[in-house]
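Residue numbering for the sequence shown follows this note's numbering, starting at 28 and increasing by one per position.
Ideal Cβ placement from N, Cα and C applies to all residues, glycine included.
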Amino acid sequence: MGRWPRRSSWPAIPLEWASLRTPRSAAGNHPVHWKSKGNDSLITRSTLDAGQSKRFEFGYLGYRFVRELAPIYATYAILIVDYGVSPLELSILLSAWSASAIVFELPSGALADRLSRRWLLMSACLFKSACFFVWMLYPTFWGFLCGFVLWGLESAIRSGAEEALVYEAVQRERTGSHFERVFGRGAAAGSLGTGLAFLAGGYLVDSVGFGLVLVISIVSPLLGALLVWTWPGFSSAQRRPPKLSFARTLAGGIGSVLGSRVLLAVVAMAVLFTPIWGGVDEFLGVFLLEKRPVSITFVGIVYAAATGANAVAVVVAHRFVVGGLKRVSAIYGLATVMLFGSVFFPGPFGALPLVISLGLNGLASILLDGLLQRAADDATRATTASVKGLMQSIMGIAVLLLCGALAGTTDWHTAVLGACVLAATLWVATGFLLARTSWRQGN
């Protein structure tokens, strides 16, 4: 039976993650080439030369952009209600969307450690396209429910597989922050696609109706799948049979998190902090409208500014890699201060610290993804990322319920203030643990 290792055998948390580099040759002047233990395309560290690495990066950015270029994002709730779905049924549909993503999260991560991650990403695009296709053919409650389940499956398949694949494809020995740079740029490209989809969605519905909006939303994931298929460095000759069964891969991913202080610290910080800002983002509009005088137009401007701030933050994330968990903790501390400012600053002045806070959360999230990928075992890399994703989803639901309960009894300012207090409490606790670990290492 698998047990946690004894406390005395746990490795100390390496606070300076920049020192984690791949082994060098005896001469020390070039990296040792080795093969991944996973079963994606099993890219060696020398598989992608400089030209291929650039091709992969541009292909990845294009994939992230077109994958999110679905104008139905802005109007899917309106579409559903227009076809006679009641508010209660809409809530059931949205809950089924979240539940399906949670149910499929861990199994899909284990699959990504055994099968080709490229093909899994392509299949995820097909599931997303199928969601909107089902909506177009069967615009009923059951049709929408089927579509949301497909969309949840797409999110689950993509989450762990994408992080692991990008890390193994682009991480170079000479540039330890290469993953953060490429993954951050990909997140920015996705934000740009989402922003354009929001801008186009409402206009297209007003102009030509939902039909064209759904067609574009069906085609855009298919273009994303085509771009994934064109990525370089995925020769079938590089594949080899998986080392672990599905069950052992799943158990290994969970065990690697529970049995390693390094991974446990990274996953814990990602799970405790990121969903707080995700919840605030969901309630941003109603929160700002309580500040007088704030208009709906101003809320839209703030949403655009928050998207831009997040895009800038994730693009420059690779410049903040040195410092590891201490650096991430400092970023979340500053983000918490800004979040408090958004509550106490009057009128539209509270929007600026809110935008800064959301951008800082995006920066910290990319840094945590990089820390997790460098610490994860190759055989269970995607499963480990899925463990993080699953726990974040559960924490996110808890934050939404907390904020909703506070807003229901008081107002949205109290709800966001509750999120601030939660973030500050967690920041003090994690900061104390990091400082304690640092003191022990120094003595």
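Problem - Residue from M422, G213, G351 and A402 whose Cα sits closest to the Cα of S283 - result: A402
Practice task
Identify whether G360 lies in helix, strand or coil by the three-state DSSP scheme.
Solution key: It is helical.
Practice task
Would you decide whether S52 is buried or exposed? Buried here means 16 or more other CB atoms lie within 10 Å of its CB.
Solution key: Bear in mind that a pLDDT of 37 at S52, under 50, signals an unreliable position, so the number given afterwards is only what the model happens to contain. S52 comes out exposed.
Handout entry: L352 versus L417: straight-line alpha-carbon distance, rounded
Key = When rounded, the distance between both Cα atoms is 21 Å.
Exercise for the section: Kindly list the residues whose CB is nearer than 8 Å to the CB of V448, restricted to its own chain and excluding five residues on each side of it in sequence; keep chain order. Expected result: none
Practice task
Using three-state DSSP, classify L433 as helix, strand or coil.
Solution key: helix
Practice task
Identify whether D109 lies in helix, strand or coil by the three-state DSSP scheme.
Solution key: Under the three-state reduction of DSSP output, D109 falls in the helix class.
Exercise for the section: Enumerate in chain order the residues of its own chain whose CB-to-CB distance from R319 is below 8 Å, with the five nearest sequence positions on each side excluded. Expected result: G374
Problem - Rounded distance between the beta-carbons of G217 and R94, thought under 8 Å - result: About 7 Å separates the Cβ atoms of R94 and G217, confirming a contact at the 8 Å cut-off.
Handout entry: Within the segment 136-178, ranges of the alpha helix (DSSP H) (whole runs, at least 4 residues)
Key = Along the segment 136-178, the alpha helix (DSSP H) occurs as fully enclosed runs of 4 or more residues at 144-164, listed in sequence order.
Practice task
Taking only the alpha-carbon atoms, compute the straight-line gap between S244 and F154 and give it to the nearest angstrom.
Solution key: 12 Å
Handout entry: Any alpha helix (DSSP H) of 4 or more consecutive residues that is wholly inside the segment 275-310
Key = Along the length of the segment 275-310, whole alpha helix (DSSP H) runs at least 4 residues long occupy 288-309, reported in chain order.
Exercise for the section: Note down the Cα distance separating A292 from L285, rounded to an integer number of angstroms. Expected result: 10 Å
Handout entry: Cα-Cα separation between V197 and F371, rounded to whole angstroms
Key = 43 Å
Handout entry: CA nearest to the CA of C173, picked from A137, I107 and F206
Key = I107
Problem - Own chain partners of V298 with C-beta closer than 7 Å, once the 5 adjacent residues on each side are dropped - result: K415, M418, Q419 and M422
Handout entry: Nearest neighbour of G389, chosen from T301, I328, A432 and V329 [CA to CA]
Key = T301
Handout entry: Three-way DSSP call (helix, strand, coil) for L96 in this model
Key = coil
Handout entry: Contacts around V232, its chain only, beta-carbon distance under 7 Å, and the 5 residues preceding and following it disregarded
Key = T102 and V240
Practice task
Report buried or exposed for F175, applying the criterion of at least 16 other Cβ atoms within 10 angstroms of its Cβ.
Solution key: buried
Problem - Close beta carbons around G55, own chain, < 6 Å, minus the five adjacent residues each side - result: Unreliable positioning characterises G55 in this predicted model, as indicated by a pLDDT of 38, which lies under 50. A coordinate reading is not provided.
Practice task
Return the chain-ordered list of same chain residues with a C-beta closer than 6 Å to the C-beta of S263, the five sequence neighbours on each side being excluded.
Solution key: Any answer about S263 is weak, because its pLDDT of 39 lies below 50 and its placement is not dependable; what the coordinates show is given next. None.
Exercise for the section: Whole angstroms is fine: what's the gap from L142's alpha carbon to T436's? Expected result: 49 Å
Exercise for the section: Mark L381 as exposed unless 16 or more other C-beta atoms lie within 10 angstroms of its C-beta, in which case mark it buried. Expected result: buried
Handout entry: Where P380 falls: helix, strand or coil (DSSP)
Key = helix
Handout entry: Classification of S475 by the beta-carbon crowding that lies within 10 angstroms, buried from 16 upward
Key = Residue 475 falls outside the range modelled here, since the chain spans only 28 to 470, and no answer is possible.
Exercise for the section: Could you check how far apart the C-beta atoms of I303 and V426 are, in whole angstroms? I think they sit under 8 Å. Expected result: Contact between I303 and V426 holds: their C-beta atoms lie close to 6 Å from each other, under 8 Å.
Problem - As assigned by DSSP and simplified to three states, the class of R463 - result: For R463, the secondary structure class from DSSP, reduced to helix, strand or coil, is helix.
Practice task
Determine the contact status of E207 and A362, defining contact as a CB-CB distance below 8 Å.
Solution key: no
Problem - G335 in three-state terms, based on DSSP - result: helix
Exercise for the section: In the DSSP assignment, find the alpha helix (DSSP H) that holds R319 and state where it starts and stops. Expected result: R319 -> no alpha helix (DSSP H), and no H or E assigned at all.
Exercise for the section: Go ahead and label A432 buried or exposed: buried means 16 or more other beta carbons lie within 10 angstroms of its beta carbon, across all protein chains shown. Expected result: A432 counts as exposed, since fewer than 16 other beta carbons sit within 10 angstroms of its beta carbon.
Problem - Three-state class that DSSP yields for D67 in the structure shown - result: Residue confidence is low: D67 scores 42 on pLDDT, short of 50, so the model does not pin down where it sits. Its coordinate-derived value is still stated next. Three-state result, D67: coil.
Problem - Buried versus exposed call for R463 [16 or more other C-beta atoms within 10 Å across all chains shown] - result: exposed
Problem - C-alpha gap between A128 and L180, whole angstroms - result: 6 Å
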